Amino acid sequence: MNINENFLKLKAGYLFPEIGRRVTAWTEANPDKTDRLIRCGIGDVTEPLPQAVRDAMHAAIDEQGVAETFHGYGPEQGYGFLRDAIVENQFEGLNISADEVFVSDGSKCDTGNILDIFGKGNKIAITDPVYPVYVDTNVMAGNTGEADENGAYEGLVYLPCTAENNFVPAIPEEKVDLVYLCYPNNPTGTTATREQLESWVAYAKNHGAIILYDAAYEAFVRDSSVPRSIFEIEGAHECAIEFRSFSKNGGFTGVRCAYTVIPKTLTVKASTGEEVSLHSLWNRRQSTKFNGASYPVQRGAAAVFSPEGKEQVSALIEHYMGNAALLRKACQDLGLKVFGGENAPYVWVQCPEGVGSWDMFDKMLEEAQVVITPGAGFGAAGEGYFRISSFNTRENVEEVCKRIAAIS
Ligand SMILES: *Cc1c(COP(=O)(O)O)cnc(C)c1O
């Protein structure tokens, strides 16, 4: 009897448990102030599901109650009505067809599951700081060695993202096989320029590498010069997979719907020399291990692209981006250097000179009763920064800004 011992290499989730521990210790020591606590740490939306989405879901549930309109197992790849709507509304002019879109129940699952179609021994690059899912899924898949005392895994290539490189990693000197890029970025809230993505696509094509492009925050891009999809870059159809989600734009974190785009032109040479389509491998993988996202949820997702849905989603984005602007200004007024938050719902703030991420966390908790996320929790290069999430009510954000202004 053997277990997957790669799981034993995982560092016990450090960031959020440690935040929880410090908040609990503080609330126990300050019972009288506990109801002042405002959490700006989470990456979850706070506004309810748009009306158009709920209406579509209600109607779909009613269909499920009538034999004539009942839907049982659907296509593993997603219903045609949703795949068509995605292509029409999100990839117009980008040479993506509906059958290159795979609907799922989340990008977290997709970015983890995608490793099923890649073999052992690949060199994997991730940014630092990073969305922890990319790291832990590679540890589970056996693509790394052990972690060192700083939590860095042997065998992964870490690409530091700091103010010096505008939070877009330099092209590596060495050859890597897979590289995870996420823009607009979680946690830094920053974006990549067209030129930067062009150089990544050129690198990938030169080295036979694949870019795993996480565009979960695409809907928050307001600057028209910022690319929303890797497929805006010429050549990406031969070297990239894109992940998108309804979680952050449509508020689907609790109802679950996302999709992965794999162009049919994306092939990799097998050991036999045969060119193998990653699209067909993923199709086989999904058909075998997944039975599709639920019908009412896919109807709800399609409603995001209805005229009312579009209006309601854009109001949600406006709301969160209005919060981000307030939070940016409050931190700037305090004399802090602020990044992100202009095309993404996260504001990434440099701690005052000589103050570490966790010290800043404690200071914000004690002086302002505001919970932020310390940058160091997302990777070594995040030390000296913290993340404030704009996923909150306006009332909370205004209160947070007032309290930030009062910090010593
Ligand atoms: C929120 C988020 C997602 C979306 O995940 P779902 O499983 O679709 O909810 C994907 N990538 C990043 C970086 C995220 O922050």
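Numbered according to our numbering, the sequence shown spans residues 121 to 528. Note that the Cβ used here is the ideal one computed from N, Cα and C, for glycine as well. Predicted, not measured: the structure shown is a model, and the values here were computed from it.
Distance from the C-beta of D248 to the nearest heavy atom of ligand 1 is not below 8 Å.
Taking 9 Å as the cut-off, the beta carbon of C281 is found closer than this to the beta carbon of T308.
Under a 10 Å Cβ-count criterion, P151 is classified as exposed, with fewer than 16 other Cβ atoms of the shown protein chains found around its own Cβ.
The beta carbons of H357 and F363 sit no closer together than 9 Å. Restricting attention to alpha helix (DSSP H) runs no shorter than 4 residues, the region 169-238 encloses them at 171-184, 200-210 and 227-233, ordered along the chain.
The Cβ atoms of I244 and N263 lie closer than 9 Å to each other.
Assignment of A290 by DSSP, reduced to helix, strand and coil, places it in the coil class. The continuous beta strand (DSSP E) containing D334 extends over residues I330 to D334. Checking the 8 Å criterion, the Cβ of V299 is out of range of every heavy atom belonging to ligand 1.
Counting only runs of 4+ residues, the alpha helix (DSSP H) found wholly inside the region 328-412 occupies 398-409, in chain order. One alpha carbon belongs to D479, the other to A145, and they sit about 15 Å apart. By the CB criterion at 9 Å, G420 and R159 fall outside the cutoff. For C160, the shortest C-beta to heavy atom distance toward ligand 1 is 8 Å or greater. Taking the Cβ of C302 as the reference point, at least one heavy atom of ligand 1 falls within a distance shorter than 8 Å. Residue environment for E188: exposed (fewer than 16 other C-beta atoms within 10 angstroms of its C-beta). If you check the CB distance, N126 and M260 come in under 9 Å. S528 sits in coil when the DSSP states are folded into three classes, being neither helix nor strand.
DSSP, read as helix, strand or coil, puts D248 in strand.
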